[in-house]
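Data first, discussion second: the structure below is written as structure tokens.
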Amino acid sequence: MTYLDGLNEAQYTAVTAPPGPVLVLAGPGSGKTRVLTHRIIYLMRELRVPPWQIMAVTFTNKAAREMAQRIARLMDGSPRGLTVGTFHSICARILRREGDNLPGYERGFVIFDTDDQIQVVKQTLKDLNLDDKKFPPYKMLNNISNAKNELIPSEEYAATNYISEVTRRVYGRYQEILRANNAMDFDDLLMNVVVLFDGRPDILQKYQERYQHILVDEFQDTNTAQYGLIKRLAAAHHHVFAVGDSDQSIYRWRGADYRNINRFRETYPDAQMVLLEQNYRSTQIILDVAKSVIKQNRNRVHKDLFTEREGGEKIVVREAYDEQEEASLIVDTVQRLMLENYSPRDFAVMYRTNAQSRALEEAFVRANIPYRLIGATQFYKRREIKDIVAYLRLIHNPADTVSFNRVINTPSRKIGAKTQDKVRAWAAQLALSPADAVVRLATDPDVQHPFTARAANALANFGDMLHTWQTIREEAAVGDLLDLILEGIHYRDYLDRIAKDDDEARDRWANVMELRNVAALSADVSLEDFLEQIALVSDVDALDEEENRVSLLTLHAAKGLEFPVVFLTGLEDGVLPHTRSLDDSESLEEERRLFYVGITRAEDRVYISHSFRRMFYGNWEATVPSRFLRDVPSELVEGASPAVQREQTKTRASSWDWSSNTRSSSGWKKEKRATAVSSPKPVSAKPKYQQSPDFDDDFDLAAPQTARYETGQKVRHAKFGEGIVIESKLTGNDEEVSVAFPDVGIKRLAASFARLEVIGD
């Protein structure tokens with residue numbers, strides 16, 4: 000049996016395609032990683048391509064590791080010279096090799112993460128006398144990132160209005176500060192390689208000959224810079240093997256452009272295209288629901304997903320009263336399924352925005368069910384880790400003023416802000432970096448300086464430590480260097496002083512020790528390589544799949560993951576799809592792709608929930624079930640939910656049967672809760688929602704019997720026409736009524752002015 004025997008027909012066709020451009024459109028769970036790894040082996044074994052002529056590009060370090068491990072298993076060892084990595088890691092490697100050929104940078108550059116970038120933008124705004132309230136640093140950084148993703152350097156940035164003129168000025172100064180620090184941000188890693196290739200055709204030709212076969216994973220997530228890089232490298236031989244799925248393109252907000260798949264077909268009109276449609280993850284019912292949802296998008300290549308896992312559990316769609324009850328329903332279901340031999344790690348709860356996790360976290364804490372929040376504060380962004388990494392970066396690169404500013408008085412050395420300003424000014428006079436200046440103060444007793452004796456002593460002590468660490472950095476292992484830093488600055492004592500209690504101090508020190516463990520595992524790695532590795536770590540890379548906890552994560556973070564049971568929460572217009580997308584067709588289609596990605600993460604079961612009301616900016620608002628739920632076939636849904644009743648009406652507000660099941664929240668248990676679902680309860684009845692332990696008593700369900708309108712009533716308004724009452728409550732001397740009108744959507748009305756006429760039963 001050979002390594003090709005286990006492939007299905009489409010996979011075999013892709014793996015054994017002749018050299019040249021190949022586009023593989025791979026549906027979710029169709030084995031694309033298997034195809035990529037087998038293609039690499041096929042190139043080496045059957046086509047006799049040397050491994051050093053192959054480059055495989057992924058979007059996460061985790062995917063790169065998995066691919067490399069599979070290849071090593073199938074080849075009985077890792078092929079020497081094979082390049083497998085992320086766009087950023089491969090570009091960083093190229094820039095390290097060619098650093099002397101890139102004007103403005105030295106070979107030992109550091110990589111600034113988002114926090115560092117924000118500090119640079121804040122400094123830029125200060126330098127330009129711009130108000131950071133009027134021009135928020137995150138927005139400025141986003142504008143700069145977008146420009147770099149489109150391969151637009153600061154000197155070519157076109158200003159068409161006031162905001163873009165400010166961005167142009169900030170962009171230019173931002174780049175000056177990066178170069179002064181011998182630093183690059185993540186976008187620079189990509190753009191600078193393209194700039195290098197365009198400015199030095201001889202270097203481009205060298206890498207074209209080196210990497211004659213290029214394989215790209217998740218091609219739909221490439222941006223202009225990434226596509227431009229691949230196009231340049233492949234221009235000589237055209238051996239590009241691109242694997243992607245436009246239906247799973249969900250990163251438009253960070254520059255990804257699914258249309259690159261179409262551009263690939265335009266660039267290589269003779270490209271062979273292969274569809275991977277057999278799914279190895281989900282049941283057929285899950286796939287049928289996913290297909291029904293995604294087929295509503297335009298300009299896509301249809302894939303008829305199928306699996307050998309026929310049938311399966313129907314999708315469950317239920318409405319909760321609010322997010323607290325929604326969270327309680329999810330926890331109840333998790334507890335029930337755990338009695339059916341599911342483990343906590345088998346469950347994932349997905350949501351559109353991070354803010355939705357709060358109610359879920361509280362519910363899991365109350366139920367004492369272990370959970371992990373994927374996408375929370377990452378390990379390398381924790382305060383204590385950034386402190387120690389800043390020391391390492393400063394030792395490696397004395398020009399890094401961002402790191403210098405972080406550590407000069409951390410832990411406190413009684414070097415205040417005024418003294419720090421003097422250090423920077425004095426260093427500028429000496430034409431030195433601030434770090435080199437304090438080393439000079441420590442090593443040259445005759446140097447003239449502007450400091451008081453007390454300040455000079457503190458600075459010299461700091462400079463002396465820095466000089467010692469810099470002297471041994473080439474010989475010392477990273478772990479040993481880290482030990483010297485921790486001992487020299489008495490960092491554990493510092494954590495004890497700043498922590499609010501012993502538990503926090505222990506947790507922070509445990510994080511530092513975990514960093515020490517990482518350094519120990521990198522014993523043979525140089526300080527430069529160690530800093531590069533941790534700078535390029537992403538959220539998903541750090542995910543421990545063996546940790547036995549329920550996963551809470553955004554739909555964006557769910558890409559590439561899979562779980563036996565998936566809960567999709569907040570399926571309401573304004574949440575998913577997000578309110579920002581409702582007036583833009585492309586954004587709306589991306590929101591639908593996000594829903595599709597969520598559904599296809601599931602192996603066995605999918606539970607979908609939406610709430611009758613949700614709090615926005617401190618106010619309760621009645622919601623409308625997501626328009627995407629209309630695309631879910633009712634025959635594939637368990638139970639009678641209003642979210643899947645697809646009446647052919649002109650407007651979405653009237654397509655939901657508010658009068659029957661809207662207030663039904665029977666949950667996902669086999670036994671129904673004892674609630675009336677065939678007819679609406681008056682608002683004074685305080686029905687089933689009492690059983691939620693976290694019910695918000697400020698929302699007055701116990702309204703006096705004098706309330707004139709009830710949920711589910713049909714009413715007529717003189718201006719808006721006929722509608723359905725979805726909520727009513729007494730406010731002061733009046734009654735506030737929320738009504739869903741077919742032509743104008745949901746309106747909140749004061750009963751005394753609206754003069755609503757009750758019609759029908």
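Quick note on numbering that gives the first Met the number 0: the sequence shown kicks off at 0 and runs consecutively.
Ideal placement from N, C-alpha and C gives every residue a C-beta, glycine not left out.
It should be emphasised that the depicted structure is a prediction, and the values quoted were computed from it without experimental measurement.
- With respect to the 8 angstroms criterion, residue 86 and residue 56 are classified as neighbours on the basis of their beta carbons.
- Secondary structure in the region 432-517: the alpha helix (DSSP H) runs of 4 residues or longer, each lying completely within the stretch, are 433-442, 452-471, 477-488, 490-497 in chain order.
- A straight-line Cα-Cα distance of about 5 angstroms links residue 313 and residue 635.
- In the three-state reduction of the DSSP assignment, residue 88 falls in the helix class.
- Distance from the CA of residue 717 to the CA of residue 627, rounded to the nearest whole angstrom, comes to 31 angstroms.
- Excluding five sequence positions before and after residue 370, the CB atoms of its chain that fall closer than 6 angstroms to its own CB belong to 363, 548, 549, 551, given in chain order.
- Apart from the 5 residues on each side of it in sequence, residue 291 sits with its Cβ closer than 7 angstroms to the Cβ of 630, 631, 632 in its chain, given in chain order.
- Using a Cβ distance threshold of 8 angstroms, residue 393 and residue 328 do not count as a contacting pair.
- When beta bridges are read from the DSSP output, residue 350 appears opposite 553.
- Contact between the region 436-454 and the region 489-506 is absent: fewer than 3 CB-CB pairs across the two stretches fall below 8 angstroms.
- By the Cβ neighbour-count rule, residue 162 is exposed, with fewer than 16 other Cβ atoms within 10 Å of its own.
- Residue 410 and residue 352 have their alpha carbons spaced roughly 36 angstroms apart.
- Note that the C-beta distance between residue 150 and residue 59 is not below 8 angstroms.
- Separation of the CB atoms of residue 720 and residue 349 is rounded to 38 angstroms, and the pair is thereby denied contact status at 8 angstroms.
- Three or more Cβ pairs closer than 8 angstroms define a contact, and the region 279-289 meets that threshold against the region 590-609.
- Residues 563, 564 of the same chain have their beta carbon placed closer than 7 angstroms to that of residue 341, with the five preceding and five following residues left out of the count.
- Burial check for residue 711: the Cβ neighbour count within 10 Å reaches 16 or more, so the residue is buried.
- Within the DSSP bridge table, the entry for residue 619 names 614 as partners.
- Each of 428, 511, 408, 397 was checked against the Cα of residue 438, and the nearest Cα belongs to 397.
- Membership of residue 757 in the beta strand (DSSP E) is indicated by the continuous run 756-758.
- Residue 195 and residue 97 have their alpha carbons spaced roughly 9 angstroms apart.
- The three-state reading of DSSP puts residue 198 in helix, counting H, G and I together.
- In this model, residue 28 and residue 18 are separated by some 26 angstroms (Cα to Cα).
- Residue environment: residue 61 is assigned as buried (16 or more neighbouring CB atoms within 10 Å of its CB, all protein chains considered).
- The beta carbon of residue 299 is closer than 7 angstroms to those of 245, 246 in its chain, skipping five residues each way along the sequence.
- Its chain contains 164, 166, 167 as the residues whose beta carbon lies nearer than 8 angstroms to that of residue 158, once the 5 sequence neighbours on both sides are disregarded; these appear in chain order.
- The C-beta distance from residue 53 to residue 35 rounds to 11 angstroms, too long to meet the 8 angstroms contact threshold.
- Here residue 324 is buried: its Cβ has 16 or more other Cβ atoms, across all protein chains shown, within 10 Å.
- Rounded to the nearest whole angstrom, the CA to CA distance from residue 265 to residue 230 is 12 angstroms.
- For residue 225, the enclosing alpha helix (DSSP H) has its first and last residue at 223-232.
- Taking C-beta atoms under 8 angstroms as the contact rule, residue 568 and residue 334 fail to qualify, at a distance of about 17 angstroms.
- Burial is judged here by how many other beta carbons sit within 10 angstroms of a residue's own beta carbon; residue 252 has fewer than 16 and is exposed.
- Taking a cut-off of 8 angstroms on C-beta distances, the region 254-269 does not touch the region 116-131, as fewer than three cross pairs fall below it.
- The beta carbon of residue 130 lies closer than 8 angstroms to those of 124 in the same chain, with the five residues before and after it left out.
- Annotated three-state conformation of residue 370 is strand, per DSSP.
- The DSSP-derived three-state label of residue 606 is strand.
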